[in-house]
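Each residue of the sequence shown is one higher than the one before, counting from 130 in my numbering.
Don't be surprised by glycine CBs; every beta carbon is placed ideally from N, CA and C.
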Amino acid sequence: MKIVATKPKSLTGAKYHYCPGCSHGIIHRLVAEVMDELNIREQTIGICPVGCSVLAYDYFNCDMAEAAHGRAPAIATAIKRLLPDRFVFTYQGDGDLASIGMGEIVHASLRGEKITTIFVNNTLYGMTGGQMAPTTLLGQVTTTSPYGRKAEVEGYPAKMCELLSHNEGAAYICRTAVNSPSNIIKTKKAIKKAFQTQAKGLGFSMVEVLSACPTNWGLSPADAMQWIEEHMIPYYPLGEFKVKGE
């Protein structure tokens, strides 16, 4: 029988703890496939802070470090400066990166740190029960916005790609999604481009991935993918926001 797909060497094979329909498993595989294809697993160090992906060190078959909530860019900065020949990436959710970690990610991009950030945006705090996050959409119901997010009360959702792309130290900023096969393919290409940007020493790179959280959205996995298409993508348009040199 012809083998058409195998587990990436950059994944350990440990069973995921994620909820059914969660997009973290897809994104983990894409990052691992990119590491395999670029042959950088032995030179890669990942950093995961607090969030649903807090146990990612069990899944990525490369050196991993744990960071306090929101502080992954600071840890990544230290590691990359001490070990400039390594590939260093952070794997962060929206509650982590865009809330308590907002200052960290903004200044990492302003400094042009030669690290790569995989930013998983599912519009809420998944691990702690579905509270409103900086990326929660207007009108979206969460456990802490039971009547829907209101601009006059909680402000507007944070558009991190648009924000960071204006910083001179940012070299590659892209937003993708994993709600369809075509978007999954585009996401893998963006992740590879982000790592290649780091390899060239051009500066900070980030790929934001629009992700599903069926459990906290109260939807089936299939309906959650459709919700991304109908609600998230119109507010968070996909595409490359900055490519240094272009």
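{"Asked": "Excluding five sequence neighbours on each side, which residues of the same chain lie with their C-beta closer than 6 Å to the C-beta of Ala323?", "Found": "Thr245, Tyr301, Ser334, Val336"}
{"Asked": "Measure the beta-carbon distance from Gln260 to Thr271 and round it to whole angstroms, keeping in mind my assumption that it falls under 8 Å.", "Found": "6 Å"}
{"Asked": "Just to confirm, are Ala227 and Pro263 a CB contact at a threshold of 7 Å?", "Found": "yes"}
{"Asked": "Taking 7 Å as the cut-off, decide whether the C-beta atoms of Lys321 and Val163 are in contact.", "Found": "yes"}
{"Asked": "Would you kindly work out how many angstroms separate the C-alpha atoms of Asp165 and Lys138, rounded to a whole number?", "Found": "7 Å"}
{"Asked": "Any idea if Tyr276 is buried or exposed, counting beta-carbon neighbours within 10 angstroms, 16 or more meaning buried?", "Found": "exposed"}
{"Asked": "Would Gly377 and Gly199 be called neighbours here (beta carbons separated by less than 7 Å)?", "Found": "Since the first and last residues shown for the chain are 130 and 375, residue 377 lies out of range."}
{"Asked": "Measuring CA to CA, which of Asn190, Asp214, Gly224 is closest to Ala201?", "Found": "Gly224"}
{"Asked": "So what does DSSP say about Lys371, is it helix, strand or coil?", "Found": "strand"}
{"Asked": "When we look at the beta-carbon of Ser309 and count the other beta-carbons within 10 Å, is it buried (16 or more) or exposed?", "Found": "exposed"}
{"Asked": "Is it buried or exposed for Lys279, if we count other Cβ within 10 angstroms and need 16 for buried?", "Found": "exposed"}
{"Asked": "Could you please give me the residues that DSSP links to Asp165 through a beta bridge?", "Found": "Asp165 is not bridged to any residue."}
{"Asked": "With a threshold of 8 Å on Cβ separation, who are the neighbours of Lys209 within its own chain once the five nearest residues in sequence on each side are excluded?", "Found": "Arg215, Val217, Glu242, Lys243, Ile244"}
{"Asked": "Could you compute how far the alpha carbon of Met231 sits from the alpha carbon of Gly284?", "Found": "15 Å"}
{"Asked": "Have a look at Ala203 and Met130 and give me their C-alpha separation to the nearest angstrom.", "Found": "48 Å"}
{"Asked": "Is the distance from the Cβ of Ala353 to the Cβ of Pro343 below 7 Å?", "Found": "yes"}
{"Asked": "So, for Gly180: in the same chain, excluding its five sequence neighbours on each side, which residues have a beta-carbon less than 6 Å away from its beta-carbon?", "Found": "Gly222, Asp225, Met256"}
{"Asked": "Pull up the distance between the alpha-carbon of Ala188 and that of Ile156, whole angstroms please.", "Found": "Sequence inspection shows Tyr at residue 188; the Ala mentioned does not correspond to that position. Those two C-alpha atoms are separated by around 12 Å."}
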